[in-house]
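What follows is a short report on a single structure.
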Amino acid sequence: MIISKGLRRINQLININNNYIEVLNKGDKGPIVIILTGMGCSFEEWYEVTETLSRNYRVLTFHRQGLGQSELGDGIQNTASTVRDLSEILNYFQFDEPFYLIGHSYGGLCVQHFAKVYPEKVAGVILVDSTSVELKELEKLDLPVLNQDTDELWIEKCLDYSTKDKQKLLETIKPSLNKKQRQFPKAIQQKILDFQVNPSLYKAMASEIKEWTKDAEVIMSLGAFPDLPLTVIGRDKEFTIESESNNGVPEWELRKFEAKWEDLITNQRKLSSKGELIFAGNSGHSVFLDRPDVVIDCVHKLVQRVDSMPSLQ
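Quick note: the sequence shown uses the working numbering, first residue 1, plus one each step.
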C-alpha cells in the first residue's frame, strides 16, 4: 500500500476474484464517486479531476485486469468482468450507500452495463464521451481511410505488443506525455509512462476490443437503462476535426464520423428521463484532460440535482 498525505491518496492492491487489483482512493468525506477509465487509459491521467473532487468527495477508481499493477486473470476481459470486479470492490470497501458512477469511452460502456445490473447501487451517472451500445452504427459508415484501422488490426497489434518485454515496448512505443500531462507531479508523470510499457495491458486491450461489440449487444439485451439522474458529456466536434486534420484522414471522412459520433452521444441523453446533455468546448475525446473543469462541474451539479430530489433525500 502506498499512502501520500500530500496528494490525499491511497494506492493499494486488493484481492478481487483471485486477482490483485490496483485501486486508488482519494478523499475521506462526502458522497462516493467512482470512475471507470477508457480503454488503455491509466487512472493517473485523471489526476486533476480526482485531486479536485477529493476535496469534497470520496473518489475511487481502479485499473481493470491487466492494466497498471492489476493482475491479468485467465478469463475474458469484457464489460461483464469489469462489472463483477467493481461489485466485489464495493463489497471489499463495504460501500453500502448509492454512489455516483463516471465512465469515459469504453469505461462508459462498462458503466451502462453496471447500472443495468445494479441500479439500486447507483445514485447518478456521468457518461464522458462514452462508447455507445449502438457502436455498430460507426462501422456502417463508408470511410475508406478511417475504416482501414479495423478492430482486427488493433487486436493483432495489441497481441504483438503483449509478447514484448518492457524494454522492447519502450523502444517500440517510445511513450511520451502531452502538454497537459507534463503539468502533473513528476511521480504521476512517471506512472503514466510506465503504464504504457506493460505487456499485460495490450493482452487485456486485445480481449476488450474483441468483445466490445458483443458487450454492446449484451447490454442492450438487459432491458431499459434505469431512470437515474444522468449527465452525458460529449467532445467538441470542430475541435476534434481540427486536431485530427494533420493525420492524413480526409476532412470529409472526419466530418462524417464526428457527425455520427455526436448523434450517438446525443442519443445517450435519452437513456433516462432525467438525462442532461453538454458538449465540452475545446475538447477532444479525452475530456478529462482537455476540460477537467467541465467534468468536475458536472459532478457538483449532478450531486446537487440528486440532493434536491425528495424521493432520494
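Note that beta-carbon positions come from the ideal geometry of N, C-alpha and C, so glycine has one too.
None of the values given here were measured: they were computed from a predicted structure.
{"Asked": "Own chain residues within Cβ distance below 6 Å of GLY6, not counting five before or after", "Found": "The predicted model places GLY6 with a pLDDT of 38, which falls under 50 and marks its position as unreliable, so this point remains unresolved."}
{"Asked": "Unbroken beta strand (DSSP E) run spanning PHE279, endpoints", "Found": "275 to 279"}
{"Asked": "DSSP-derived helix/strand/coil call for ASN15", "Found": "strand"}
{"Asked": "Beta carbon of PHE99 nearer than 8 Å to that of PRO31", "Found": "yes"}
{"Asked": "For GLU251 and GLN65, the rounded distance between their alpha carbons", "Found": "37 Å"}
{"Asked": "Minimum C-alpha distance to ILE278 - residue among GLU171, VAL83 and VAL295", "Found": "VAL295"}
{"Asked": "Proximity below 8 Å, CB of VAL299 to CB of VAL23", "Found": "no"}
{"Asked": "Reduced DSSP category for GLY6 - H, G, I as helix; E, B as strand; rest coil", "Found": "Because GLY6 sits at a pLDDT of 38, beneath the cut-off of 50, its placement in the model cannot be relied upon, and the following sentence gives the value as read from the coordinates. If DSSP states are grouped into helix, strand and coil, GLY6 belongs with coil."}
{"Asked": "Unbroken stretches of the beta strand (DSSP E), 3 residues or longer, contained in the region 42 to 76", "Found": "58 to 62"}
{"Asked": "Whole runs of the alpha helix (DSSP H) within the region 71 to 152, excluding any shorter than 4 residues", "Found": "79 to 92, 106 to 117 and 136 to 139"}
{"Asked": "Three-state secondary structure assigned by DSSP to LEU177", "Found": "coil"}
{"Asked": "Cβ neighbours of GLY107 in the same chain (closer than 7 Å, five flanking residues each side left out)", "Found": "LEU36, THR37 and GLY38"}
{"Asked": "DSSP bridge partner residues for GLU22 (one or two, in chain order)", "Found": "LEU13"}
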